[in-house]
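These notes concern the structure reproduced below.
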Amino acid sequence: MNDTATSTQPASLAVSDEVVIRITDMDKWYGQFHVLKNINLEVRRGERIVICGPSGSGKSTLIRCINRLEEHQSGSINVDNIELNADIKNIDAIRREVGMVFQHFNLFPHLTVLENCTLAPIWVKKMSKKDAEEVAMKYLERVRIPEQAGKFPGQLSGGQQQRVAIARSLCMNPKIMLFDEPTSALDPEMIKEVLDVMIELAHEGMTMICVTHEMGFAKTVANRVIFMDEGQIIEENEPGPFFDNPQSERTQLFLSQILAH
Amino acid sequence: MSNPSEHMGGIVNAGDLPDKPAPISTEGPVAWMRDNLFSSPLNTLLSILALFLIVWTVPPALNWLIFSANWAGGADACRANTGAACWPFITARWEQFLYGFYPAPERWRVDIILIVLLVGIVLLAFERTPLRKWIALLMLVPFPIVSFILLYGGMFGLPVVETSRWGGFMLTLVIALSGIVASLPLGIVLALGRRSTMPVMRMVCTIFIEFWRGIPLVAVLFMASVMFPLFLPPDVSFDQLLRAVIGVAFFASAYMAEVVRGGLQAIPKGQYEGAMALGLPYWKMMRLIVLPQALKIVIPGIVNTFIGLFKDTTLVLIIGLLDLLGIVQSAINDPNWSIKSVPYTGYVFVALVFWVCCYAMARYSRYIEAKLHTGHKR
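Residue numbers (this note's numbering), protein chains in the order written: chain A, 115 to 375; chain B, 3 to 380.
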């Protein structure tokens with residue numbers, strides 16, 4: 115386990131009452147395979163949610179439904195008062211509000227770090243190149259790699275690439291950030307630098323949903339932990355009770371397996 | 003440092019071992035020959051065979067082409083020495099080989115276009131040319147239009163030169179460049195269409211591609227020349243050259259589409275997802291993220307298709323258009339030049355011209371590949 119996260123939660127981690135994501139009775143199938151079953155989830159502004167569970171439990175699929183990288187077949191998803199349906203306008207609007215960080219970074223290898231960051235602000239938000247670069251440098255400084263701006267992603271280490279990916283998302287000034295196993299593809303010594311950036315982001319009040327196995331991170335910054343198995347939300351609770359006193363057997367088994375080593 | 007077996011634990015090296023120069027035996031011509039020519043008995047045998055082959059073929063070829071060749075003196079000199087190339091045949095006819103039957107007083111029009119084309123290509127080939135983007139745009143859009151007006155005439159007091167009088171290398175260039183300029187964008191659109199999620203779009207593109215890939219170019223040209231007019235009202239005439247150009251362009255675009263599709267398939271799904279998650283709409287995602295990477299991967303395939311198209315233009319001679327090969331072929335039959343070495347000379351000349359053009363394209367593609375190679379792709 116990672117022991118980065120040892121500090122206690124600061125007061126700035128206040129959560130408002132405003133619901134920014136509302137998922138109601140959502141189901142999804144891959145062909146005949148029922149991957150997500152009757153998902154109900156509300157996320158309020160400023161909440162930091164960690165989703166964990168065994169592989170194949172549907173946790174990545176769930177957050178990928180939120181910005182329509184996966185299509186759901188029934189139920190509804192509402193993001194920041196925009197209903198997610200086949201309407202391409204709504205999808206684009208939601209994607210502008212929701213940033214996403216992937217397990218494999220998905221940086222654009224043919225563009226420099228700076229160009230990776232300015233691309234969407236210029237082409238989606240119609241920002242001028244100069245303004246976009248200013249914003250990009252601000253966020254690259256925030257993730258502590260402004261000196262890499264002129265390099266190509268392939269010249270950076272995994273941890274640096276993931277931090278660029280976070281900066282790239284932040285450049286769109288999203289209201290919600292989705293993290294899909296952001297540290298799973300990293301070498302152990304690079305996990306900390308990425309988690310530190312994510313913790314800072316949480317302290318700034320960003321609404322975050324993280325699929326991760328970093329339980330230390332969950333304990334420090336999450337205000338809710340969700341456990342999924344076989345396409346269902348099995349259990350959700352605040353991190354304290356979740357880790358100290360898991361209710362369901364499956365959660366207990368899962369936690370004993372991942373906390374044992 | 004000491005024997006590692008004495009250390010069961012602890013520091014092995016302090017990290018201060020100096021760099022030593024490489025042993026001499028890995029460099030120099032002798033080492034190179036040993037590594038590359040005589041590294042094994044089989045390699046030695048092959049090297050000797052290759053040397054034999056070179057000695058056997060190259061000197062006679064050079065002799066025929068250069069040393070004993072007739073360089074001046076016209077047909078009579080060639081008749082006296084038929085054992086080597088007859089270059090006066092080329093020098094006497096070069097204008098026809100270049101312009102076809104384009105009337106002599108109007109040939110300056112072709113010259114202007116050729117010079118602009120050459121200057122444009124040279125300027126574009128170098129990355130440091132100022133205003134390169136604008137030059138590219140000028141060469142792609144206004145240049146073909148102005149070229150056509152200049153070549154065909156009928157405007158601004160220029161006399162009309164019917165396309166039936168166009169010929170030679172100029173015609174080869176007209177067909178090849180129109181084909182190249184049309185087939186790349188068309189091929190990209192077809193490739194995207196074939197991978198589209200819209201079933202109708204996918205079907206239309208697939209049928210188009212498979213139709214044009216499934217018939218030989220000769221058949222395409224015959225259809226364009228003979229069958230196509232049957233579908234038009236009798237009083238509508240449709241230029242023979244234009245029909246050939248359209249046929250060649252469609253034919254090449256089908257191949258281009260499959261090359262581009264190969265590149266699109268090589269782009270990981272994560273690139274699409276990364277772009278979509280940032281809110282890029284489909285066409286921007288394709289233009290800014292997917293196509294730049296996909297096209298870079300398939301540059302060799304694209305240039306391969308261009309080279310194939312360039313050489314395939316010679317097939318237009320079966321529908322009566324006299325491209326470079328066609329015009330040289332007809333010149334060979336001139337009774338004044340009925341000399342044994344003339345046909346060989348003519349064909350070798352055509353081969354050389356085509357080879358130089360194709361090799362230039364190949365080299366440029368290698369240069370572009372090297373330049374675009376950011377080399378650190380995941």
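For each residue, glycine too, the CB sits at the ideal point set by N, CA and C.
Since the model is a prediction, treat every value here as computed from it, not as a measurement.
Find the residues of chain A that neighbour residue i, judging by a C-beta separation of less than 8 Å, and give them in chain order.
i                : result
Lys286 (chain B) : Trp237, Val238
Can you list the residues of chain A that residue i reaches, using a CB-CB cut of under 7 Å?
i                : result
Leu385 (chain B) : Summary: the structure shown does not reach residue 385 (chain B), with chain B confined to residues 3 through 380, and so no result is reported for it.
Val193 (chain B) : The sequence given here places Ala at residue 193 (chain B); Val does not occur at that position. Within 7 Å Cβ-Cβ: nothing; Ala193 (chain B) doesn't reach chain A, min ~18 Å.
Ala279 (chain B) : Asn181, Leu183, Arg209, Met214
Against chain A, does residue i count as a neighbour if the rule is that its beta carbon must be under 8 Å from one of theirs?
i                : result
Gln273 (chain B) : yes
Gly276 (chain B) : yes
Met3 (chain B)   : Low per-residue confidence applies at Met3 (chain B): pLDDT is 47, beneath 50, and the placement is therefore not dependable, though the value from the model is reported in the following sentence. No, no contact with chain A.
Arg245 (chain B) : no
Going by DSSP, which residues form a beta bridge with residue i?
i                : result
Asn72 (chain B)  : B:Cys88
Thr138 (chain A) : A:Ser190
Ile323 (chain A) : A:Ile163, A:Leu292
Met214 (chain A) : A:Leu292
Asp325 (chain B) : B:Gly170
Glu97 (chain B)  : Answer is none; Glu97 (chain B) lacks a bridge partner.
Val133 (chain A) : A:Arg158
Gly102 (chain B) : B:Trp168
Leu150 (chain A) : A:Lys142
Asn287 (chain A) : Per DSSP, none; premise fails for Asn287 (chain A).
Glu197 (chain A) : A:Asn192
Asn351 (chain A) : A:Val339
Gln346 (chain A) : A:Asp343
Give me the chain A residues within the contact set of residue i, using Cβ-Cβ distance strictly less than 9 Å, ordered along the chain.
i                : result
Gly303 (chain B) : Per Cβ cutoff of 9 Å: no residues; Gly303 (chain B) is ~18 Å from chain A at best.
Does chain B have any CB closer than 8 Å to the CB of residue i?
i                : result
Met241 (chain A) : no
His218 (chain A) : yes
Phe368 (chain A) : no
Asn116 (chain A) : Bear in mind that the predicted position of Asn116 (chain A) carries a pLDDT of just 44, short of 50, making it unreliable; the figure below should be weighed with that in mind. Chain B, which has no Cβ nearer than 8 Å to the Cβ of Asn116 (chain A), makes this no.
Ser121 (chain A) : Only weak support exists for where Ser121 (chain A) lies, its pLDDT of 44 falling under 50; the value from the coordinates is given anyway. No, Ser121 (chain A) does not count as interfacial toward chain B.
Ala125 (chain A) : In this prediction, Ala125 (chain A) scores a pLDDT of 47, lower than 50, which makes its location untrustworthy; no coordinate-derived value is stated.
Just the chain B side, please: which residues come within less than 9 Å of residue i by C-beta, in chain order?
i                : result
Met286 (chain A) : Leu280, Gly281
Taking 8 Å as the CB-CB limit, is residue i close to chain D?
i                : result
Ile180 (chain A) : Among the chains of the structure shown, chain D does not appear; the protein chains present are A and B.
**OP:** Please name the residues in the region 181 to 215 of chain A whose beta-carbon is closer than 7 Å to at least one beta-carbon of chain B, in chain order.
**Re:** From the region 181 to 215 of chain A, only Asn181, Leu183, Asp206, Arg209, Arg210, Met214 have a Cβ closer than 7 Å to chain B.
Subject >> Cβ contact (3+ pairs, closer than 8 Å) linking the region 319 to 338 of chain B and the region 163 to 182 of chain B >> reply: Contact between the region 319 to 338 of chain B and the region 163 to 182 of chain B is present, with at least three C-beta pairs closer than 8 Å.
Subject >> contact_flag[the region 333 to 348 of chain A, the region 139 to 154 of chain A] where n(CB pairs < 8 Å) is 3 or more >> reply: Yes, the region 333 to 348 of chain A touches the region 139 to 154 of chain A.
Original post:
If we count Cβ pairs, one from each stretch, closer than 8 Å, do we get three or more for the region 150 to 169 of chain A versus the region 317 to 325 of chain A?
Top reply: Cβ pair count under 8 Å is three or more, so yes.
**OP:** Examine the Cβ distances between the region 290 to 301 of chain B and the region 257 to 266 of chain B and report whether three or more of them are shorter than 8 Å.
**Re:** With the cut-off at 8 Å, the region 290 to 301 of chain B and the region 257 to 266 of chain B touch.
Subject >> Cβ pair count under 8 Å reaching 3, the region 301 to 310 of chain B against the region 270 to 282 of chain B >> reply: As far as the Cβ criterion goes, the region 301 to 310 of chain B does not touch the region 270 to 282 of chain B, which means the pair count is below three.
Original post:
At a cut of 8 Å, does the region 337 to 347 of chain B reach the region 159 to 166 of chain B through at least three beta carbon pairs?
Top reply: Pairwise C-beta distances place the region 337 to 347 of chain B out of contact with the region 159 to 166 of chain B, as fewer than three of them are shorter than 8 Å.
Original post:
Are the region 115 to 126 of chain B and the region 134 to 149 of chain B touching by the rule of at least three beta carbon pairs closer than 8 Å?
Top reply: Under the 8 Å Cβ criterion, the region 115 to 126 of chain B counts as touching the region 134 to 149 of chain B, having at least three qualifying pairs.
Subject >> Touch test, the region 76 to 90 of chain B against the region 121 to 128 of chain B, Cβ-Cβ under 8 Å, three pairs minimum >> reply: Contact between the region 76 to 90 of chain B and the region 121 to 128 of chain B is not established, with fewer than three Cβ pairs separated by less than 8 Å.
Original post:
Would you say the region 246 to 266 of chain A touches the region 211 to 218 of chain A, given that touching needs at least three Cβ pairs under 8 Å?
Top reply: Output reads no: the region 211 to 218 of chain A does not touch the region 246 to 266 of chain A.
Original post:
Do the region 177 to 191 of chain A and the region 358 to 367 of chain A make contact, defined as three or more Cβ pairs closer than 8 Å?
Top reply: These segments do not touch.
Original post:
If you pair each beta-carbon of the region 197 to 205 of chain B with each one of the region 239 to 247 of chain B, do three or more pairs fall below 8 Å?
Top reply: The answer is no - the region 239 to 247 of chain B does not touch the region 197 to 205 of chain B, with fewer than three Cβ pairs under 8 Å.
Original post:
Counting pairs of Cβ atoms below 8 Å between the region 286 to 296 of chain B and the region 199 to 219 of chain B, do you hit three or more?
Top reply: With contact defined as three or more Cβ pairs closer than 8 Å, the region 286 to 296 of chain B and the region 199 to 219 of chain B are not in contact.
Original post:
Can you find at least 3 beta carbon pairs, one from the region 60 to 73 of chain B and one from the region 40 to 51 of chain B, that sit closer than 8 Å?
Top reply: Flag = no, the region 60 to 73 of chain B and the region 40 to 51 of chain B do not touch.
**OP:** Pair every Cβ in the region 300 to 317 of chain A with every Cβ in the region 194 to 208 of chain A, then say whether three or more of these pairs are closer than 8 Å.
**Re:** Not touching, per the Cβ criterion.
Original post:
Using 8 Å as the Cβ pair cut-off and three pairs as the minimum, do the region 244 to 259 of chain B and the region 182 to 191 of chain B touch?
Top reply: Contact between the region 244 to 259 of chain B and the region 182 to 191 of chain B is established, with three or more Cβ pairs separated by less than 8 Å.
Subject >> Any 3 or more C-beta pairs closer than 8 Å across the region 264 to 273 of chain A and the region 315 to 323 of chain B >> reply: No: the two stretches stay apart, fewer than three of their Cβ pairs being nearer than 8 Å.
Original post:
Using 8 Å as the threshold, is the region 275 to 290 of chain A in touch with the region 222 to 237 of chain A, meaning 3 or more CB pairs across them?
Top reply: Contact between the region 275 to 290 of chain A and the region 222 to 237 of chain A is present, because at least three Cβ pairs lie under 8 Å.
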